[in-house]
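**Student:** Under my numbering, think of the first position of the sequence shown as 40, with each following residue one higher.
All residues carry an ideal CB built from backbone N, CA and C; glycine is no exception.
Computed from a prediction, not measured in an experiment: that's the story for all the values here.
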Amino acid sequence: MAHVASWKKDVVKELTDAMVSSHVVAIVDLRGIPSAQLQQMRAGMRKDANVVMTRNTLVDIAITEAAKKRPGLEVLREAVNGQCAVVTTNMNPFKLFRAMEATKSPAPAKAGDIAPEDIAVKAGETSFKPGPIVGELQKAGIPAGIENGKVVFKKDKVLVEKGKPVPEDIAKVLPRLEIFPMTVGLDLKAAFEDGTLYRRDVLNVPADYYSTMLATASRNALALSMSIAYVTPVTIKPLMAKAYREAMALSVEAAYPTKDNIKFLLAKADAQMGALARKTTGLEDERLKKRI
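(1) Starting from N259 and walking both ways along the alpha helix (DSSP H), at which residues does that stretch end?
(2) Since M92 is in the alpha helix (DSSP H), which residue starts that stretch and which ends it?
(3) Exposed or buried, I72, counting other C-beta atoms within 10 Å across all chains shown (16 or more means buried)?
(4) Which term fits S166, buried or exposed, when burial requires 16 or more other beta carbons within 10 angstroms of its beta carbon?
(5) Taking the alpha carbon of S144 as the reference point, which residue from F133, E285 and M80 has its own alpha carbon closest?
(6) By how many angstroms is the C-alpha of D157 removed from the C-alpha of T127?
(7) If you run the structure through DSSP and keep just helix, strand and coil, what is P145?
(8) What would DSSP say about D309, mapped onto helix, strand or coil?
(9) For the candidate residues K107, L227 and P204, whose alpha-carbon lies nearest to that of E140?
(10) Measure the C-alpha to C-alpha separation of M252 and V51 and round it to an integer number of angstroms.
(11) If you draw a straight line from the C-alpha of V191 to the C-alpha of G83, how long is it?
(12) Within a Cβ cutoff of 8 Å, which residues of the same chain sit near M265, ignoring the five residues on either side of it in sequence?
(13) In whole angstroms, give me the CA-to-CA distance for V43 and E104.
(14) Check the C-beta distance from I102 over to M58 and give it rounded, since I have them as a contact under 8 Å.
(15) Would you identify the three-state DSSP class for K196, choosing helix, strand or coil?
(16) Within a Cβ cutoff of 6 Å, which residues of the same chain sit near E232, ignoring the five residues on either side of it in sequence?
(17) Answer yes or no: do L198 and Q122 have a C-beta to C-beta separation smaller than 8 Å?
(18) Mark M92 as exposed unless 16 or more other C-beta atoms lie within 10 angstroms of its C-beta, in which case mark it buried.
(19) Could you check where the alpha helix (DSSP H) with L77 kicks off and where it finishes?
(20) Starting from the Cα of R94, find the closest Cα among N259, K47 and T55 and give me that residue.
(21) By DSSP, does E217 sit in helix, in strand, or in coil?
(22) Please report the straight-line C-alpha distance between D247 and P204, rounded to a whole angstrom.
(23) Do you know offhand how far A286's Cα is from A254's?
(24) Using three-state DSSP, classify P272 as helix, strand or coil.
(25) Could you compute how far the alpha carbon of L213 sits from the alpha carbon of E175?
(26) Does the beta-carbon of M130 have 16 or more other beta-carbons within 10 angstroms, so that it is buried, or is it exposed?
(27) Over what stretch of residues does the alpha helix (DSSP H) that includes V212 continue unbroken?
(28) By how many angstroms is the C-alpha of P155 removed from the C-alpha of E186?
(29) Below 8 Å on the Cβ atoms is my guess for A159 versus F219; work out the distance and round it to an integer in Å.
(30) On the criterion of 16 or more Cβ atoms from any shown chain inside 10 Å, does V270 qualify as buried, or is it exposed?
(31) Please give the ranges of any alpha helix (DSSP H) in the stretch 91–178, keeping only runs that are unbroken, at least 4 residues long and fully inside the region.
(32) Report all residues from its chain with a CB closer than 7 Å to the CB of Q311; omit the five preceding and five following residues, and keep chain order.
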């Protein structure tokens, strides 16, 4: 039987215990993050989450072991690939996702990186002084020239189309142009909470997205229940108020006197009398004449 290094056993045990005891377990992508920046990100999240980086095989074993005490956790195994890490935390998946997104920052492109968007320059003056830089820019395919003692870009130019690899010559000049097309940071791939796996596409929504949806659904449900007079603890008061208004309107329209509508009926009768009097000539009632 092959000997297993003690440090591997320790890592698996540490991960297994953390996965069992933490409210949320997540897998994050670490690709493209410089070591120094990664350490800063880990330190910045240490208060709310624990980020563990180790071999994927050990992560896979730890998930399998933890799933024996936490059924369903094994679904996270499919997210363990490439450069990744395990995050254990008591934050809910949506807060964790936003915390991960907050770690992201612009970064320069390396040769061969895939452009996330079109990388382009705009026509106009630059801050460069005439010199070898003009040749470097032109070599990278940038329409640079000198006008009135200044380096200018003669026209708009897309240097790299979205989805295409960044050539080496362009990668070298982009930082000098202060163009940082890449984004680096902790990229949450999937999170497990209470038997549910949350993937990135579910978590990547505005902070108020689901609360807004619930509020809209609540308003629509209330409107529907009111329209069909469906009695619930929430609708009973507005339904009673609506019924009272409709009964009042009907009794006034039908001239059916009650203690609640008598004032309205008298006011209506008085208004109708006044309207009729205005259309009638030769009235003898002086009080009525004064009113009209």
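**Tutor:** In short:
(1) Counting from 1 along the sequence shown, the entry for residue 259 is found at position 220. In the DSSP annotation of this structure, the continuous segment of the alpha helix (DSSP H) that includes N259 starts and ends at Y248 to S266.
(2) Sequence index remark: in the sequence shown, residue 92 carries index 53 (1-based). Premise fails: M92 is in no alpha helix (DSSP H) and is neither H nor E.
(3) Here residue 72 refers to the residue found at position 33 of the sequence shown. Answer is buried; the Cβ neighbour count reaches 16.
(4) Along the sequence shown, read from residue 1 onward, the residue named residue 166 stands at position 127. Burial call: exposed.
(5) Locating residue 144 in the sequence shown gives position 105, counting from the first residue. Selected option, being the one with the closest Cα: M80.
(6) In the sequence shown, counting from the first residue as 1, residue 127 sits at position 88. In the sequence shown, counting from the first residue as 1, residue 157 sits at position 118. Distance from the CA atom of T127 to the CA atom of D157, rounded to whole angstroms, is 36 Å.
(7) Translated into the one-based positions of the sequence shown, residue 145 becomes position 106. Strand at P145.
(8) On the sequence shown, residue 309 is found 270 positions in, with the first residue counted as 1. It is helical.
(9) As a working mapping, residue 140 is identified with position 101 in the sequence shown. Relative to E140, the option among K107, L227 and P204 whose CA is nearest is L227.
(10) Within the sequence shown, numbered from 1, the residue matching residue 252 stands at position 213. Within the sequence shown, numbered from 1, the residue matching residue 51 stands at position 12. Cα-Cα distance, rounded: 41 Å.
(11) Indexing the sequence shown from 1 puts residue 191 at position 152. Indexing the sequence shown from 1 puts residue 83 at position 44. Looking at the two C-alpha atoms, the distance is approximately 41 Å.
(12) On the sequence shown, residue 265 is found 226 positions in, with the first residue counted as 1. Cβ neighbours of M265 beyond the five flanking positions: T274, P277, L278 and K281.
(13) Mapped onto the sequence shown, residue 43 falls at position 4. Mapped onto the sequence shown, residue 104 falls at position 65. Cα to Cα, the separation comes out at about 16 Å.
(14) If you number the sequence shown from 1, residue 102 lands on position 63. If you number the sequence shown from 1, residue 58 lands on position 19. So it is a contact: roughly 7 Å between Cβ atoms.
(15) The residue given as residue 196 occupies position 157 in the sequence shown. K196: strand per DSSP, three-state reduction.
(16) By one-based count along the sequence shown, residue 232 stands at place 193. Within the same chain, E232 has close Cβ partners V63 and P132.
(17) Here residue 198 refers to the residue found at position 159 of the sequence shown. Here residue 122 refers to the residue found at position 83 of the sequence shown. Annotated as distal: L198 and Q122, with beta-carbon spacing of 8 Å or more.
(18) Against the sequence shown, residue 92 aligns to sequence position 53. With fewer than 16 other Cβ atoms within 10 Å, it is exposed.
(19) One-based indexing of the sequence shown puts residue 77 at position 38. Annotation for L77: the continuous alpha helix (DSSP H) segment containing it runs S74 to M84.
(20) Numbered from its first residue, the sequence shown carries residue 94 at position 55. The residue from N259, K47 and T55 with its alpha-carbon nearest to that of R94 is K47.
(21) If you number the sequence shown from 1, residue 217 lands on position 178. In the structure shown, E217 sits in coil (DSSP, three-state: anything other than H, G, I, E or B).
(22) Here residue 247 refers to the residue found at position 208 when the sequence shown is read from its first residue. Here residue 204 refers to the residue found at position 165 when the sequence shown is read from its first residue. Between D247 and P204, the C-alpha separation is close to 36 Å.
(23) For the purposes of this step, residue 286 is identified with residue 247 of the sequence shown, where counting begins at 1. For the purposes of this step, residue 254 is identified with residue 215 of the sequence shown, where counting begins at 1. Between A286 and A254, the C-alpha separation is close to 31 Å.
(24) Position 233 of the sequence shown holds residue 272. Residue state, collapsed to three classes: coil.
(25) For this step, residue 213 is matched to residue 174 along the sequence shown. For this step, residue 175 is matched to residue 136 along the sequence shown. In this structure, the straight-line span from the alpha carbon of L213 to that of E175 is close to 11 Å.
(26) Counted from its first residue, the sequence shown places residue 130 at position 91. Under a 10 Å Cβ-count criterion, M130 is classified as buried, with 16 or more other Cβ atoms of the shown protein chains found around its own Cβ.
(27) Numbered from 1 along the sequence shown, position 173 holds the residue referred to as residue 212. V212 -> alpha helix (DSSP H) spans E207 to V212.
(28) As a position in the sequence shown, residue 186 is number 147, starting the count at 1. As a position in the sequence shown, residue 155 is number 116, starting the count at 1. In a straight line, the C-alpha of E186 is about 33 Å away from that of P155.
(29) Taking the sequence shown and counting its residues from 1, one reaches residue 159 at position 120. Taking the sequence shown and counting its residues from 1, one reaches residue 219 at position 180. Going by Cβ atoms, the distance from A159 to F219 rounds to 14 Å, so no, they are not a contact pair.
(30) Taking the first residue of the sequence shown as 1, we reach residue 270 at position 231. By the 10 Å Cβ count, V270 comes out exposed.
(31) With a minimum length of 4 residues, the unbroken runs of alpha helix (DSSP H) contained wholly in the stretch 91–178 fall at 95–106, 132–140 and 171–178.
(32) Taking the sequence shown and counting its residues from 1, the one referred to as residue 311 is at position 272. The beta carbon of Q311 sits closer than 7 Å to none of the beta carbons in its chain outside the five residues before and after it.
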